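Q: If you're matching them up, the sequences are chains A and B in order.
Mapping the first sequence onto my numbering, position 54 (from 1) lands on 54, and the numbers just tick up by one.
Mapping the second sequence onto my numbering, position 94 (from 1) lands on 94, and the numbers just tick up by one.
Protein chains: 2
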Amino acid sequence: MILTTQTRKETEAIIKQAARKVFLQKGLAGARLQEIADEAGIGRTSLHYYYKNKEMLFNAVFSENFQEIKKRIPYQLEENLALKEILIQFTKEYFRNAIKNPDLDLFLLNEFCSHPELMLNLIKGHEITQFILQAFEKSIQKGELKGNAQQHFITFISVTFFPFAAKNMIQQMLQCSENDYIQYMHSREDYIVGFIHQYFNSQL
Amino acid sequence: MILTTQTRKETEAIIKQAARKVFLQKGLAGARLQEIADEAGIGRTSLHYYYKNKEMLFNAVFSENFQEIKKRIPYQLEENLALKEILIQFTKEYFRNAIKNPDLDLFLLNEFCSHPELMLNLIKGHEITQFILQAFEKSIQKGELKGNAQQHFITFISVTFFPFAAKNMIQQMLQCSENDYIQYMHSREDYIVGFIHQYFNSQL
DNA sequence: GTCTATATATGGATAGAC
DNA sequence: GTCTATCCATATATAGAC
Numbered sequence: 001m002i003l004t005t006q007t008r009k010e011t012e013a014i015i016k017q018a019a020r021k022v023f024l025q026k027g028l029a030g031a032r033l034q035e036i037a038d039e040a041g042i043g044r045t046s047l048h049y050y051y052k053n054k055e056m057l058f059n060a061v062f063s064e065n066f067q068e069i070k071k072r073i074p075y076q077l078e079e080n081l082a083l084k085e086i087l088i089q090f091t092k093e094y095f096r097n098a099i100k101n102p103d104l105d106l107f108l109l110n111e112f113c114s115h116p117e118l119m120l121n122l123i124k125g126h127e128i129t130q131f132i133l134q135a136f137e138k139s140i141q142k143g144e145l146k147g148n149a150q151q152h153f154i155t156f157i158s159v160t161f162f163p164f165a166a167k168n169m170i171q172q173m174l175q176c177s178e179n180d181y182i183q184y185m186h187s188r189e190d191y192i193v194g195f196i197h198q199y200f201n202s203q204l
Numbered sequence: 001m002i003l004t005t006q007t008r009k010e011t012e013a014i015i016k017q018a019a020r021k022v023f024l025q026k027g028l029a030g031a032r033l034q035e036i037a038d039e040a041g042i043g044r045t046s047l048h049y050y051y052k053n054k055e056m057l058f059n060a061v062f063s064e065n066f067q068e069i070k071k072r073i074p075y076q077l078e079e080n081l082a083l084k085e086i087l088i089q090f091t092k093e094y095f096r097n098a099i100k101n102p103d104l105d106l107f108l109l110n111e112f113c114s115h116p117e118l119m120l121n122l123i124k125g126h127e128i129t130q131f132i133l134q135a136f137e138k139s140i141q142k143g144e145l146k147g148n149a150q151q152h153f154i155t156f157i158s159v160t161f162f163p164f165a166a167k168n169m170i171q172q173m174l175q176c177s178e179n180d181y182i183q184y185m186h187s188r189e190d191y192i193v194g195f196i197h198q199y200f201n202s203q204l
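Below is the structure:
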């Protein structure tokens, strides 16, 4: 670490980055303040100077991860864009950001179990879920799609979200390196666009 | 709880079931022995009579979950079954078992992160992954499918596995009860069969 | 703002009566 | 085989010197 005079904000940023790494790997219960302090290169008790306790540190980190996930989701989608276009835009934006941070997805999935109230807020503050779900419903009404909006929706988030959440599982199933995995995800973006087109064609 | 004379095995079964519930929910680090004991209806310290410590209890439970996942996977698939049939049979068998135990899927996903070596064994002992992957490759060679076997494979496990791993997330996104979720998963089985048929048709 | 020392809380493990 | 009491380790949190 380079010795310079750091502002409080800078030190906090270093701590949060260290904490993020440990929390994503070990979870809230499994993370040790010692490990976070080591990772940040400061004394363990100094952590308390910046963040009163573990939970507040977790919340600080979490609310940033939270923002990061939001950034993956294009909320400027126009109202009367065709469903196909909505899905394609969503996918591109999501992939662009998720490839950089695939660890966040599994973390989120776990948070939905352990802190459902918090996650409900994330969803509610940001009505993309309802927007896409309703777009599916409209599309069914228009006769572009058959069947059930919920099932289509589940399929869509499965093929986009899961490959990131299951990063480690996929690597081991395909017996490939991390680099190979990243390659697969890069080419998966185009694959999904094709998948969306076929999904609509085959339903007619 | 009904008071009868229990054999050691029976008591162990009760403890493991209680422990399973708590471990799946909280993970190894987050689980409290007190909670497991309460759930099992015995004293906290009595746990130690049956299992020396937390880790041994965890391993006992884990090795059973391990068996349970194996049961979901039909390994008696015939060699020259058509890919479409392989996928349909796999899906039916998987859903039949996963609906009863959707919690296991997220647990597994996490284990692939925290204990990759163990999980690799699970995969290797049971070559279903390679079998399906190769079936995709053969199908591409035969001209039934276009594109990349790995991408098709990832899509297939995404649409089958993810809806269980993301149980809580889906419930909150769709703002539905647990019963509604189970209903969706029951009807999803047929949806997936349709999905598989369309997947092949649209590729021609 | 960081360190040493120390307090406190929690939870896991053991001993021994019954 | 279960309970009470107790111990001990770990990890979080605080106080106060520097």
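For each residue, glycine too, the CB sits at the ideal point set by N, CA and C.
Remember, predicted model here, so these are calculated numbers, not experimental data.
Between residue 69(A) and residue 108(A), which are expected to be in contact by the criterion C-beta below 8 Å, what is the C-beta distance as a whole number of angstroms?
A: Contact holds; Cβ gap of about 6 Å.
Q: Note down the Cα distance separating residue 154(B) from residue 171(A), rounded to an integer number of angstroms.
A: Spanning the two alpha carbons is a distance of roughly 11 Å.
Q: With burial defined as no fewer than 16 other Cβ atoms inside 10 Å of the residue's Cβ, what is the status of residue 7(A): buried or exposed?
A: Its Cβ having fewer than 16 others within 10 Å, residue 7(A) is exposed.
Q: Counting along the chain, where does the alpha helix (DSSP H) carrying residue 79(B) start and finish?
A: First-last for residue 79(B): undefined, no H or E at that position.
Q: Taking all protein chains shown into account, decide if residue 34(A) is buried (16 or more other Cβ within 10 angstroms of its Cβ) or exposed.
A: By the 10 Å Cβ count, residue 34(A) comes out exposed.
Q: Helix, strand or coil: which one does DSSP assign to residue 187(B)?
A: Helix at residue 187(B).
Q: Determine, using beta carbons only, whether residue 113(A) and residue 106(B) come nearer to each other than 9 Å.
A: In this structure, residue 106(B) lies closer than 9 Å to residue 113(A) by Cβ.
Q: Whole angstroms are fine: how far does the CA of residue 85(B) sit from the CA of residue 75(B)?
A: Whole-angstrom Cα-Cα distance: 14 Å.
Q: Between the C-alpha atoms of residue 18(A) and residue 198(A), what's the straight-line distance to the nearest angstrom?
A: Approximately 43 Å, taken between the alpha carbons.
Q: What residues in the region 153–171 of chain A have a beta carbon less than 9 Å from any beta carbon of chain B?
A: Within the region 153–171 of chain A, the residues whose Cβ lies closer than 9 Å to some Cβ of chain B are 153, 154, 155, 157, 158, 159, 160, 161, 162, 163, 165, 166, 167, 168, 169, 170, 171, listed in chain order.
Q: State yes or no: is the beta carbon of residue 119(A) nearer than 9 Å to at least one beta carbon in chain B?
A: Chain B contact via Cβ: present.
Q: Kindly give me the distance between the Cβ atoms of residue 173(A) and residue 192(B), rounded to whole angstroms, as I take these residues to be in contact under 8 Å.
A: The pair is not a contact, with the Cβ atoms about 19 Å apart (cut-off 8 Å).
Q: Please list the terminal residues of the continuous alpha helix (DSSP H) segment that includes residue 121(A).
A: Residue 121(A) -> alpha helix (DSSP H) spans 116–124.
Q: Does the beta carbon of residue 94(A) sit closer than 9 Å to a beta carbon anywhere in chain B?
A: No, because no Cβ of chain B sits closer than 9 Å to the Cβ of residue 94(A).
Q: Under 9 Å between C-beta atoms, does residue 131(B) make it to chain A?
A: So, not an interface residue.
Q: Between residue 181(B) and the rest of its own chain, which residues show a CB-CB distance below 7 Å, the 5 nearest in sequence each way excluded?
A: Excluding residues within five positions, the ones whose Cβ falls inside 7 Å are 167, 170, 171.
Q: Can you tell me where the alpha helix (DSSP H) with residue 50(B) in it begins and where it stops?
A: Its alpha helix (DSSP H) spans residues 47–50.
Q: Helix, strand or coil for residue 242(B) per DSSP?
A: Outside the shown range of chain B (1 to 204) lies residue 242(B), about which nothing can therefore be said.
Q: I'd like the list of long-range same chain contacts for residue 39(A), defined as Cβ closer than 7 Å, with 5 residues on each side in sequence excluded.
A: Answer for residue 39(A): 18, 21, 22, listed in chain order.
Q: For residue 150(B), count the other beta carbons within 10 Å of its own beta carbon; 16 or more makes it buried, fewer makes it exposed. Which is it?
A: The residue is buried, with at least 16 neighbouring Cβ atoms inside 10 Å.
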